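Visitor:
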Amino acid sequence: MTAPFDVCGPLPEGTVVLEASAGTGKTTTIASLAVRYVAEGVARLPELMLVTFGRLATSELRERVRERLVVVERALRQDAVDPTDPVIVLLASTDRAARTQRLTEALAEFDAATITTTHGFCQQMLTSLGTLGDVEPDARLVPDIAALEAEVVDDLYLRKYASTGAPTLSVKDARAIAHEAVSDAAATLEPADADGRARDSYGLAHAARRELVRRKRASRVLDYDDLLVLLRDALTDPETGTAAADRVRARYRIVMVDEFQDTDPVQWDILRTAFHGHRTLVLIGDPKQAIYRFRGADVATYLRARAVASTQTLHRNWRADPAVLDGLAPILSGTALGDPRIVVHPIEPARTGRRLRGGPAVRLRQVTRAALHAPDDATTPPVGTVRDFVYADVAAQVLRTLADEQVADDGGWRSAEPGDIAVLTRVNRDAVAVQRALAAVGVPAVISMLTSVFGTPSARDWLTLLSALARPGVSGFVSAAALTPFVGWTTTELAEASDERRDQLADLLRTWSRVLDDHGVASLLEAAATAGLRERLVRLPDGERRLTDVRHVGEALHAAATDDGLGAAALLEWLRARVDEAGRDYTEERSRRLETDAAAVQVITVHASKGLQFPVVLVPFLWDKYTPPTPATIGYDRDDVRRLHVGGKGSPGYDEARAAGSAADDGEGLRLAYVALTRATSQVVVWWAPSTISVRGALTRLLLGARDGDGNPAELVRTTTDARTTDTLQALAARGRGELELEVVTSATATRPWAPPASPAADLRAATLGRRPDVTWRRTSYSALTAAAHEPAAGRERVGSEPEAPGVQDEPDVIAPAGDDHAAARDLPSPMADLPSGTTFGTFAHRVLELVDTSAPDLAGELATRCAEAGTGALLAVDAGAVAAAMLPSLRTPLGPLAGGLSLAAIGPPDRLAELEFELPLAGGDLGRGRDAGALRDVAGLLRTHLPADDPFGAYADRLGDESLSGARLRGYLTGSIDAVLRVPADVPGGHRYVVVDYKTNRLGAFDEPLSLWHYRPASTLAAMIDAHYPLQLLLYSAALHRYLRWRLPLYDPAEHLGGGLYLFLRGMAGPATPTVDGVPFGVVSWRPPAGLVVALSDLLAGS
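One rule links them: number in this note's numbering = place in the sequence shown (from 1) + 92.
1. With H, G and I counted as helix, E and B as strand and the rest as coil, what does DSSP make of PRO564?
2. If we require 4 or more residues per run, which alpha helix (DSSP H) segments fall completely within the segment 991-1048?
3. For THR697, which beta-bridge partners are listed by DSSP?
4. Quick check: the Cα distance between GLU288 and GLY727, rounded to an integer number of angstroms?
5. Give the secondary structure of GLU50 by DSSP, where H, G and I count as helix, E and B as strand, and everything else as coil.
6. Between the alpha carbons of ALA1060 and ALA1027, how many angstroms are there, rounded?
7. Tell me the rounded alpha-carbon separation between SER893 and ALA231.
8. Any heavy atom of the ligand ATP inside 7 Å of the beta-carbon of ALA1078?
9. Run through DSSP, which three-state label would THR405 get?
10. Please report the Cβ distance between ILE539 and ARG637, rounded to the nearest whole angstrom; I am assuming they are in contact, meaning their Cβ atoms lie under 8 Å.
11. Hey, out of ALA1183, LEU824, GLN458, ARG552, whose CA is closest to THR838's CA?
12. Looking at LEU1114: is its Cβ nearer than 8 Å to the Cβ of VAL1177?
13. Measure the CB-CB distance between GLN822 and LEU834 and report whether it falls below 8 Å.
14. To the nearest angstrom, report how far apart GLU903 and THR1093 are at their CA atoms.
15. For SER1130, is the classification buried or exposed, using 16 other Cβ atoms within 10 angstroms of its Cβ as the cut-off for buried?
16. Just to confirm my understanding: we take ALA825, look at its own chain, exclude 5 residues before and 5 after, and list those with CB closer than 8 Å. What are they?
17. Quick one: grab the DSSP three-state call for LEU1066.
18. Alpha carbon to alpha carbon, how far is LEU987 from PHE145?
19. Suppose only complete runs of 4+ residues qualify. What are the alpha helix (DSSP H) ranges in the segment 366-445, listed by chain order?
20. Where does GLN705 fall in DSSP's three states?
21. With distances taken between CB atoms, is the gap from VAL499 to ARG433 smaller than 8 Å?
22. Drop a sphere of 10 angstroms on the beta-carbon of GLY1235, count the other beta-carbons inside from all chains shown, and report buried for 16 or more, exposed for fewer.
23. Three or more C-beta pairs under 8 Å: does that hold for the segment 102-121 against the segment 388-408?
24. Roughly how many angstroms lie between the CA atoms of SER743 and ASP292, to the nearest whole one?
25. Quick check: THR725 and ALA238, are their CB atoms within less than 8 Å of each other?
26. Would you call the segment 1151-1167 in contact with the segment 986-1003, where contact means no fewer than 3 C-beta pairs closer than 8 Å?
27. Just mark PRO898 as buried or exposed, buried being the case when its beta carbon has 16 or more other beta carbons within 10 Å.
28. Assuming the contact rule is C-beta atoms closer than 8 Å, VAL391 and ASP512 should be a hit. Round their C-beta distance to whole Å, please.
29. Which residues in the same chain as LEU941 place their Cβ atom closer than 6 Å to its Cβ, once the five residues preceding and following it in sequence are excluded?
30. Skipping 5 residues on each side, what residues in its chain have a beta carbon closer than 6 Å to that of ALA620?
31. At a Cβ threshold of 8 Å, is ASP1054 touching chain C?
32. How far does the alpha helix (DSSP H) with ALA1188 in it reach, from first residue to last?
33. Ignoring anything shorter than 3 residues or poking outside the segment 302-356, list the beta strand (DSSP E) runs there in chain order.
34. Report the three-state DSSP secondary structure of TRP1179 (helix, strand or coil).
35. So, for ARG1180: in the same chain, excluding its five sequence neighbours on each side, which residues have a beta-carbon less than 7 Å away from its beta-carbon?
36. Please classify ALA962 as buried or exposed, where buried requires at least 16 neighbouring CB atoms within 10 angstroms.
This is the structure we're talking about:
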């Protein structure tokens, strides 16, 4: 036994393994440790990294950590301390103010916390390593490489056997062998010294690994396994590995890894190289729950890591009632689960009393041969007969629980409901059969299991439909589609259909084919729904399940079509490939979804149940264990090293590998049994039955197998008579302190359909709105506020505002104001004179300037690349190089005093925040009572108050008095996007000011005269600004920047840090030689409104 872990004891240091048995509060412990590390000043929150497996688990862990931070921080601020929370009591005992402040800061920077999946961590680290990570900069991460894998295997197979009349491997075997080798790429392949078929298998496995890596590199794609391998290789590289490891560990002082029992050798290599011996590394897991061997998890790696770490144990069970622990102890306690180092030790209950009455804590149902109508002579009944009996008996026991048992609820007791019950199965086949048995007795049940939606009947229905849509003229495909739920014909209707009706069906499928081609899968699904698809499906016994699957497959098809640009024929092939691989597809996005949220019995596989808990758990099939006699590939461990034997029966080492692989499977079976039996809070019902395959079943070994000195149960338990089995089980039950009850089943249980208790009649009536809705509330923007003023007055040519969304025309042509000032500038042509005007070009130019990397050594080449990426060919009649050459001078034009004389080209990406989107709450709405909403006339008042008489935009206040504008109310939300915020050097705290930038492509000259810089002299641009109400836009953007900096910038002072705004009329910016007035170039409008005006406007917007 290892030492128990106390969350209030000394904080873990070095490398520590925390073994967390089922129900011991592992996630709560992680969250509490994170809080303590931060509160006690060991590390700031961004210096902690929490890693777990799977996105759902990551989301849960993130929420739990944040919730724990909030609870503890609030508690420490209170005068009275909650005595029931030991962590709060500990943290309040000393240095309370400082610890509270650290937690407050942690909450403020919670978004900077690294709480991620293993693959997410690897991706972040590879990005930060740059060239040390050996990742192509344009490589794409794809969740699925099945199509590429199939292509590799087919090519290798043809290369090997195209000219051979009798290949030693079938295509099916070759694909299976290659898939296992690729999926378990860390395993050592065997046998290396074989000949014949085994030699070909070994060679194919090696070649498939190499060729798949080569093609992924050539295609610039990565899968999740590549992230691990690339980071491991970067950290262990003989020349650059030390520098890479230093860079990875530099960000973190504390690393905690959850679910570590599901690790593999590559993951441990990464953690060991980067953090072991250098940082505090806390590995949390439970080897007794290592059940994902089929996904590549390797419990032997966990055991190797434990050997180099100190180990402590979470020793109190917070999940189960004490009676449940007592009832399970005779079955589990002291048992080694596949390895002498993985033993079930006694655990302390954290709870008292029971939360269920009317039944025992653990009920063991022994199915006898008499119940199966078989003689009690130690022969084994057929497994199919036994399964059918158990399916029905499970339904009977669910009815019994609903009728006889009560669960604690809110201080009282209520009858058990379907939602309190879970049935755990080993395989999906049993889950489906149990759901049908429950449906037959009227009990609602839903299935949740780790199975691909592409292995369902609904996926095959989609395949049939797409085949027909691809060839609507082929009668066989049309007839097959008629029998799917999409069309809904019966076989009788199809057989008796007249030619006219068949023609109508063909016309329908042709119409759907056009819908698919023109509008996509989503529209096709909607067309099928309009034709009655939903109604036909929900009439089926498993209708909700089928409808959920149809929608799920439809969404996946839509995503594939849009992401990869697949047409109908390619989509059909994509779906066919997904259906073919469904049996080995464990992608989270493709696992079947829960079909309903209604209160129902949860029928769930043991793998999917891990981490969950239920009041009542039924475990019917732990006796059922089928072992293939001669598997083609065998994964196993020897000397804690993973190996994969691909030679097949008769090859060198096959028998030893088969024995080791069978032992590994049996060990995982025992761990699956542990997981299944520990899901219940209040009651476990478990079945044992004799059958042709029960002798190696996990429950058979646990109940009837003798233990050796290390706690290992017998590998195989010979069948005996029911009477002898009963004697053994009764002796076992006697050790359960009265909480393990044996029931001997000698006949089928009679059942009657379940009748749910009558609910009190609901008083249904239309709701009454007890308040007056705020009908003036809206989501608005600068464009919406000034829309009325942008309607041109009769006979007046004027400037419009820039488009805030593509497709909005608000850049009409403008004639510059007349005058003789700066006449010499008429001879200076605009570099962008020949480029188009209007919304399309404005959107294009904004996109280019958003993406361009001004720090690129070859700025002209970089600009040309960005022009091409932004769609030059589709938007303009000139090539990317010509457009880039015309735009380049605008990037090299000095921006004047507000930017310290710098140009856009001189301000690198770290100092340019592109497209800062905002959505600011204004007054109004349900929560805005007591706050007065302002109007634009109030903004005019602020201008008159804060702007001096000589301000260039002082007269703009009168423009806001326009009756088409002045009444616009500032209620709801203000949304927008600032083209760029520049951080420029300044003699202020922090060393920088922040300047709003907006790009303008307006043409300020008539088309019948050459466009010159004169059209962008100060008089022209100031007039254009006022005419388009750009000063209002700049003030709104400045208020948004003010709120952003107030939130993000330490020691923020508006008077010091707000740098004003630059409106850049790009066509008037001709490079360093652009004429200037008072240091400000033509084409640049430079205005720094008083900070007091910006702050007052922000307050006005908030309704203050």
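Backbone N, C-alpha and C define an ideal beta-carbon position, used for all residues, glycine too. It should be emphasised that the depicted structure is a prediction, and the values quoted were computed from it without experimental measurement.
Guide: Answer, in terms of the structure:
1. Assigned with DSSP and collapsed to three states, PRO564 falls in coil, not helix or strand.
2. Counting only runs of 4 or more, we get 1028-1038.
3. According to DSSP, THR697 bridges with THR517.
4. One detail in the question is off: residue 288 reads as Gly in this sequence, not Glu. Distance between the alpha carbons of GLY288 and GLY727 is about 21 Å.
5. It is not possible to answer for residue 50, since the shown part of the chain is limited to 93 through 1196.
6. Looking at the two C-alpha atoms, the distance is approximately 5 Å.
7. Because SER893 sits at a pLDDT of 40, beneath the cut-off of 50, its placement in the model cannot be relied upon, and the point is left open.
8. This structure lacks the ligand ATP; in fact it carries no ligand of any kind.
9. Correct three-state label for THR405: strand.
10. With 8 Å as the limit, ILE539 and ARG637 qualify as a contact, their Cβ atoms being about 7 Å apart.
11. The shortest C-alpha separation from THR838 is found at GLN458.
12. Going by C-beta atoms, LEU1114 is nearer than 8 Å to VAL1177.
13. Against a cut-off of 8 Å, the Cβ pair of LEU834 and GLN822 comes out as a contact.
14. The predicted model places GLU903 with a pLDDT of 49, which falls under 50 and marks its position as unreliable; any figure quoted below should be read in that light. Taking the CA atoms as reference points, GLU903 sits about 8 Å from THR1093.
15. Classification for SER1130: buried.
16. Closer than 8 Å at the Cβ level, and outside the excluded window around ALA825, lie PRO422, LEU456, LEU832, GLU833, LEU834.
17. LEU1066 carries a strand assignment under DSSP once its states are collapsed to helix, strand and coil.
18. Looking at the two C-alpha atoms, the distance is approximately 50 Å.
19. If we require 4 residues or more, the alpha helix (DSSP H) runs fully inside the segment 366-445 come out as 391-399, 414-424.
20. In the structure shown, GLN705 sits in coil (DSSP, three-state: anything other than H, G, I, E or B).
21. The answer is no: Cβ separation not under 8 Å.
22. A query on residue 1235 cannot be resolved here, the shown segment of the chain reaching from 93 to 1196 and no further.
23. Yes, they touch.
24. Rounded to the nearest angstrom, the two C-alpha atoms are 11 Å apart.
25. Cβ atoms of THR725 and ALA238: not closer than 8 Å.
26. These segments touch.
27. With a pLDDT of 42 at PRO898, under the threshold of 50, the modelled position of that residue is not reliable, and the figure given next carries that caveat. Classification of PRO898: exposed, given that the 10 Å Cβ count is below 16.
28. A Cβ-Cβ distance of about 32 Å is found for the pair VAL391 and ASP512, leaving them out of contact under the 8 Å criterion.
29. Contacts found: TYR1091.
30. Excluding positions up to five away in sequence, the list reads PHE578.
31. Note that chain C does not occur in the displayed structure, where there is just one protein chain.
32. Start and end: 1183-1193.
33. Fully enclosed beta strand (DSSP E) runs of 3 or longer: 346-349.
34. In the three-state scheme derived from DSSP, where H, G and I count as helix and E and B as strand, TRP1179 is classed as strand.
35. Closer than 7 Å at Cβ, skipping near neighbours: LEU990, GLY1151, GLY1152.
36. Per the 10 Å Cβ criterion, buried.
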